[in-house]
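A.B. asks:
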Amino acid sequence: MDVIRHSVGILRKQLRGDSVSATKEELLQAVVAAVAGQMHGFYRGTLQPVVNGTGVVLHTNMGRAPLSPGALEVVVNTASYYNNLELDLATGERGSRYWHLEALLTRLTGAEAALVVNNNAAAVLLGLNTFAQGREVIVSRGQLVEIGGAFRIPEVMKSSGARLVEVGTTNKTYPADFEKALSEETALLFAAHTSNYKIVGFTREIGLSELVSLGKKHDIPVMLDLGSGILFDLSPWGLKEEPTVQASVSTGADIITFSGDKMLGGPQAGIIVGKKKYIEAMKRNQLLRALRVDKLILSALEGTLRAYLTTAPDQQIPVIRMLTATAVSLEKRSRVLCDRLIAVLTRYPAVERIAVTDLEDMVGGGAYPDHQIQGFGVEIQFRERLLEKVTRRLRMGNPAMITRTQDGKMLISIRTLLPEQEEQVVHLLDQALESLDAAAAKANE
Ligand SMILES: *Cc1c(COP(=O)(O)O)cnc(C)c1O
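Using the working numbering, the first residue of the sequence shown is number 264, and each one after it goes up by one.
#1: Taking the straight line between their C-alpha atoms, what separation do you get for residue 698 and residue 344?
#2: Assuming residue 395 contacts residue 451 under a Cβ cut-off of 8 Å, what Cβ separation, rounded to an integer in Å, is found between them?
#3: Using 8 Å as the threshold, is the C-beta distance between residue 414 and residue 455 below it?
#4: Specify, as a first and last residue, the run of the alpha helix (DSSP H) that residue 545 falls within.
#5: Between which two residues does the beta strand (DSSP E) carrying residue 672 extend?
#6: Would residue 740 pass as a contact of residue 580 if the rule is Cβ separation under 8 Å?
#7: What first and last residue would you give for the alpha helix (DSSP H) that runs through residue 569?
#8: Is it the case that the CB of residue 422 approaches a heavy atom of ligand 1 more closely than 7 Å?
#9: State the start and end residues of the unbroken alpha helix (DSSP H) segment that holds residue 478.
#10: Is the beta carbon of residue 380 within less than 7 Å of some heavy atom of ligand 1?
#11: Would you mind stating whether residue 447 and residue 426 have Cβ atoms separated by less than 8 Å?
#12: Go ahead and label residue 549 buried or exposed: buried means 16 or more other beta carbons lie within 10 angstroms of its beta carbon, across all protein chains shown.
#13: Is residue 522 near ligand 1, in the sense that its beta carbon is under 7 Å from a heavy atom of that ligand?
#14: Residue 461: beta carbon under 7 Å from a heavy atom of ligand 1?
#15: Between which two residues does the alpha helix (DSSP H) harbouring residue 597 extend?
#16: What are the uninterrupted segments assigned as beta strand (DSSP E) that are 3 or more residues long and contained completely in the segment 632 to 707, given in chain order?
#17: Could you tell me which residues DSSP puts in a beta bridge with residue 449?
#18: Quick one: what does DSSP say residue 495 is sitting in, helix, strand or coil?
#19: Name the two residues that bound the continuous alpha helix (DSSP H) containing residue 486.
#20: Among 640, 641, 626, whose alpha-carbon lies nearest the alpha-carbon of residue 634?
#21: Would residue 326 and residue 680 qualify as a contact pair, given that the criterion is a beta-carbon distance under 8 Å?
#22: Sort out for me which residues DSSP pairs residue 524 with in a bridge.
#23: Let's test the definition: count the other Cβ atoms within 10 Å of the Cβ of residue 578 and tell me whether it reaches 16, buried, or not, exposed.
#24: What separation, rounded to the nearest whole angstrom, lies between the Cα atoms of residue 322 and residue 288?
#25: Have a look at residue 330 and residue 606 and give me their C-alpha separation to the nearest angstrom.
#26: May I have the straight-line CA-CA distance separating residue 575 from residue 678, to the nearest angstrom?
#27: Taking 7 Å as the cut-off, is the CB of residue 453 close to at least one heavy atom of ligand 1?
#28: Across the segment 483 to 498 and the segment 285 to 299, are there enough close Cβ pairs to call them in contact, namely three or more that are closer than 8 Å?
#29: Buried or exposed for residue 553, going by 16 or more other Cβ atoms inside 10 Å?
#30: Please tell me whether, using a cut-off of 7 Å, the distance from the CB of residue 384 to the nearest non-hydrogen atom of ligand 1 is below it.
#31: Does DSSP put residue 333 in a helix, a strand or coil?
#32: Would you report the Cα separation of residue 428 and residue 435, rounded to the nearest angstrom?
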């Protein structure tokens, strides 16, 4: 009823504004169409799949990592039933939800202990609050990062109740700068991986190993906000600048935090690995109750992590598969897509040219800011400045499709398309062009 009233209200306003007359029949039709449109929106939901043709592998606006079928299988299998989330099956007593992934995470990273919270921001908050509330945390000025606007180290520091002590300068920080700032109040030495920017030129940043020796010498824990959380070494594919989690653990850092839905390719989560006594202290912090993860996340993360142990993650995990795809295979897939598009779309006068093109893809998600990956895809040129209209129709399509625009052309990168989406791209473009044609024909009536 509300939907009908709302639709009639909108039409009434339109009619008043346009001062057009309409027959009873036309009005009824308009109301029916408006109601159907709204109901369609309800049934389809607002959160929906999107075909990512941008070539940006980790796009926070597009939900970061698509999950692997293996991860989804675990979610369906656990969440469709009651489960042992907090039940110790061996004793029949209350168990801990944090127990489930610990063995997997310690085995994969080499750390002594592990804990999973809602996201990496929560992990950093929990660490700072547990070890440094009301005390001091020393950080290099070159690492006071902001990630995606909502996460700023100084702000998180404030929320945690820790006092920030900045040392060094934007471009140069030495171990001696940390040493000079040490005091009775120092609770933590903090390092953040500067994942979304790079300071180049005349620079010196304190290395993690240097920080760890300093921490050992003065018996102060070292915490590292690693950000991306790479478990699978991507250096053979040219992505060498970011350290793996395993490498960071082996430096001896006490607490390391990273995201579950960036380079790891899992669900949104904050993963904390490190020395047992510190992880145990974090588990005892009341704040953890507010940051705790749900069974869906734990299931999806377990399914994702298992792929790292039992199979080749570059074949199982979509994000890793996309990042390790070779230029040869991308070009080959682009040719197939291009041929299909030519076969289906050339009947539209709006389409001027369709061709395979090389393009620059990106890792995204704040990782590898200046690293472009050689990619391939299809470029489409439209007549009469129709590019914008087609782009919009694709974005509003079902499913929605996001493309790239460059030099007046539409670019569709093949890297970020899931295999089953390649044929869908043909269909979606077909639909968009057909609806544009129909709209043009109507306007000419
Ligand atoms: C992405 C990122 C964060 C925030 O992680 P979320 O999982 O999005 O909360 C924090 N620190 C660094 C260095 C990051 O790269």
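In this text, a Cβ means the ideal position worked out from N, Cα and C, and glycines have one as well.
C.D. replies: Taking the coordinates as given:
#1: 44 Å
#2: 5 Å
#3: no
#4: 539 to 546
#5: 672 to 676
#6: Coverage of the chain is limited to positions 264 through 708, which leaves residue 740 absent and any answer about it impossible.
#7: 558 to 573
#8: no
#9: 471 to 481
#10: no
#11: no
#12: exposed
#13: yes
#14: no
#15: 590 to 608
#16: 663 to 665, 667 to 669, 672 to 676
#17: 399
#18: coil
#19: Counting along the chain, residue 486 falls outside any alpha helix (DSSP H), though it belongs to the beta strand (DSSP E) covering 485 to 490.
#20: 626
#21: no
#22: Per DSSP, none; premise fails for residue 524.
#23: exposed
#24: 47 Å
#25: 32 Å
#26: 19 Å
#27: no
#28: no
#29: exposed
#30: yes
#31: helix
#32: 16 Å
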